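J.:
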RNA sequence: GCUGGAAUCGUCUAGUGGCAAUGACAAGAGACUGUAAAUCUCUCGGCUUCGGCCUUCGUAGGUUCGAGUCCUACUUCCAGCA
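Laid out in C-alpha cells, this is it:
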C-alpha cells in the first residue's frame, strides 16, 4: 500500500507526504505534465531547478511511441527520461475517448493511432500491463470517458468505469505479484520471488516471457528481463462530471476498493467544482491521497482543489499557454506578444524567483516570441511551470502554518482583479 | 539610344472586361484545463444609422453600360542589343 502521511488536517484540506519508490512528494503538489515522457520545451534539469517534485506521463502516447516495452527496457520512465523522481501515468482513457473513431465494448476500446492509423486495442488489463511496463510509481485505472455531458452518458460511462476498475485492480495485483502468462518455452506458470518482481520460469530461467503489453493486436510473445525491483501503485478514478448524485455514487463505489489512492476526473468549469469536490472527498477515505486530474490552468482551481482535500494536480495548460505566449503574473495572465510589451523593460513578474523573471525583461521575451525563437518557449515554460508549482508549494506552506484562507483571499483578489476565471 | 517585359493593400503575389480585388508573410487581437497544440480562431483601404457610401491596382488621358484588366502618352524598374 502506498504510504501517505498527513502532516496537518483542517476540514477536508490537508498537507502531507506521499512516499513513492522514487522519492517523496510533499503535498499539495503540482505535478508536471510530461505526456510523452518530456515536459515540452523543458529539460528535466530545468524541471528540478524550478522545484517540480513529480511528473505525469500518458500511457496512450507512450504506447504509440516509443512503445511501453522499450521504456521497460530502458529501466522505466524515471530512468528513461532522466527524471529520477516520482512519476505518475494516466491510463490513456482520456485520450482514447477523445479520438474520432473509437469502438467501445465491454472488453475495452479499439482505436486507431492518431499518428499513422495503426489499430490498437486497450483494455483495463492491457492498460495496467502498459503502465507496469512504463514503470511509473502511481498508475490510474483505465476509465471510460462519457461521450457527452448528459447525465445519461455520464452515468453509463461511470458504470463501465466501475466494472473496469475491478479488472484493473485484479490485473494490477497480478502484475504486482509477478504473475504473467505463458513463457516462450511453453511453460504457463511463472512465479515471482519476494515482491522483487524477479520472475523465474519453471525451467529456472530468469528471463521470463510475457504478452506484449503495448496493446497491438499481435500474437506471440517476447522475452524480457523482469528483474528490476519495483513497487507500483494504483489510483481508482472518480467520475461523474458536474452531477453531484453521480459523483456521490462514484466516490462511494471507489472508496470501498483496494486501491492506493484516487484520481478525480476534472470538470473544466470553475462553477461547482468546490461543491463537487466537497461531496467526493467527504466520502473518499481520508487516509489515501487524491489526484485532481487535469486541473490547474486557472489558479483558482488549485486553491479550490487543495481547500477541498486534493493532494496532487496535473495540467497541460501552464506549458501549453507558455508556448503560445500566455504568461502568468500575480495580476492575471498576459499575452507577451501584445505590442504594448515591445519596450517594457521590466521583469515579466518582478516578485517571481524563476530563471526567466530574474534575468529577462518583458521586452526581451516579446522580441523572442515575435521572432519565433525556441528560447521564447523555453523561458516562458520555465516561468509558467514555476508559477504554478510554486503557487501550490505556497498553498502547502499556508496550510502548514494556518494561513491558507488569508493567502487564498490575497492571491485570488489580486489575480482576478481585472478579469474573471475562464468559464 | 533601340527592342522586349514589368509596375496590385507594409512585403511577395493572384487576377486578362462585372472587383474593395486572391494567397502567403508581416501586423493587431483572442482562445487554450487527465497535450493529435512550437496549435487554433478572428481582424487586416476609409466611413457607416450595417443598408450601404467613399477612395483604391505607377501617373495622365481614352474606349466601354462597366477598366486592375483594352488603347495612347509619360514615369520608373528589369532583360537583351548597341
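Numbering (the working numbering), first residue to last: 1118 to 1540.
The beta-carbon is built from N, C-alpha and C at its ideal position, and this holds for glycine as well.
All figures in this text were calculated on a predicted structure; none of them were measured in a lab.
Taking the alpha-carbon positions, what's the residue 1378 to residue 1242 distance?
T.: 19 Å
J.: According to DSSP, is residue 1501 part of a helix, a strand, or is it coil?
T.: helix
J.: Per DSSP, what kind of secondary structure is residue 1508 in: helix, strand or coil?
T.: helix
J.: Which residue marks the beginning of the beta strand (DSSP E) containing residue 1271, and which one marks its end?
T.: Where residue 1271 is concerned, there is no enclosing beta strand (DSSP E), although the alpha helix (DSSP H) it sits in stretches over 1268-1293.
J.: Compute the Euclidean distance between the alpha carbons of residue 1132 and residue 1524, then round it to the nearest angstrom.
T.: 15 Å
J.: Please confirm whether residue 1135 and residue 1429 have their CB atoms less than 9 Å apart.
T.: yes
J.: So if DSSP puts residue 1357 in a beta bridge, which residue, or which two residues, is it bridged to?
T.: In the DSSP output, where bridge partners are listed per residue, residue 1357 has none listed.
J.: Is DSSP giving residue 1398 helix, strand or coil here?
T.: helix
J.: What does the alpha-carbon distance come out to for the pair residue 1265 and residue 1129?
T.: 30 Å
J.: So, for residue 1145: in the same chain, excluding its five sequence neighbours on each side, which residues have a beta-carbon less than 8 Å away from its beta-carbon?
T.: If you ignore the 5 residues before and after residue 1145, its C-beta comes within less than 8 Å of the C-beta of 1132, 1419, 1422, 1423, 1427, 1428, 1429, 1430, 1509, 1512, 1513 and 1516, all in its own chain and listed in chain order.
J.: According to DSSP, what are the bridge partners of residue 1530?
T.: Per DSSP, none; premise fails for residue 1530.
J.: Please work out which residues of its chain come closer than 8 Å, Cβ to Cβ, to residue 1229, disregarding the five sequence neighbours upstream and downstream, and give them in chain order.
T.: 1216, 1218, 1235, 1236 and 1237
J.: CB residue 1174 to CB residue 1204, shorter than 9 Å?
T.: yes
J.: Among 1408, 1370, 1500 and 1159, which residue has its Cα nearest to the Cα of residue 1443?
T.: 1500
J.: Below 8 Å, can you find three or more Cβ-Cβ pairs linking the segment 1466-1476 to the segment 1485-1493?
T.: No, the segment 1466-1476 is not in contact with the segment 1485-1493.
J.: For residue 1402, collect the residues of the same chain with a Cβ closer than 7 Å to its Cβ; drop the 5 residues on either side in sequence, then sort them by chain order.
T.: 1372
J.: Are residue 1195 and residue 1436 touching if we call contact CB-CB under 9 Å?
T.: Cβ distance not < 9 Å, so residue 1195 and residue 1436 don't count as in contact.
J.: Along the chain, where does the beta strand (DSSP E) containing residue 1142 start, and where does it finish?
T.: 1140-1144
J.: What is the rounded straight-line gap between the Cα of residue 1221 and the Cα of residue 1506?
T.: 37 Å
J.: Taking the C-alpha atoms as reference points, what is the distance between residue 1212 and residue 1453?
T.: 30 Å
J.: Rounded to whole angstroms, what's the CA-CA distance from residue 1404 to residue 1413? Just pull it up for me.
T.: C-alpha separation (whole angstroms): 23 Å.
J.: Are the segment 1238-1257 and the segment 1274-1294 touching, with three or more C-beta to C-beta distances below 8 Å?
T.: yes
J.: Considering only the alpha carbon of each residue, which of 1392, 1140, 1258 and 1409 lies closest to residue 1374?
T.: 1258
J.: Label residue 1267 either buried or exposed according to how many other C-beta atoms from any shown protein chain fall within 10 Å of its C-beta, with 16 as the threshold for buried.
T.: exposed
J.: Applying the criterion that 16 or more other CB atoms from any shown protein chain within 10 Å of the CB defines a buried residue, is residue 1475 buried or exposed?
T.: exposed
J.: Could you compute how far the alpha carbon of residue 1275 sits from the alpha carbon of residue 1367?
T.: 7 Å
J.: For residue 1320, which of helix, strand or coil comes out of DSSP?
T.: Summary for residue 1320: the model assigns pLDDT 36, below 50, so the residue's position carries little reliability; its value from the coordinates is reported in the next sentence. Looking at residue 1320 - three-state DSSP - the assignment turns out to be coil, as it is neither helix nor strand.
J.: Quick one: what's got a C-beta closer than 6 Å to residue 1330's C-beta in the same chain, skipping five residues either side?
T.: With a pLDDT of only 44 at residue 1330, under 50, the local geometry of the prediction cannot be trusted, and the value read off the model is given with reservation. Once the five neighbours on either side are set aside, the close Cβ partners of residue 1330 are 1185, 1246, 1247 and 1250.
J.: If I measure Cβ to Cβ from residue 1439 and keep anything under 6 Å in the same chain, skipping five residues before and after, which residues do I get?
T.: 1497, 1498 and 1501
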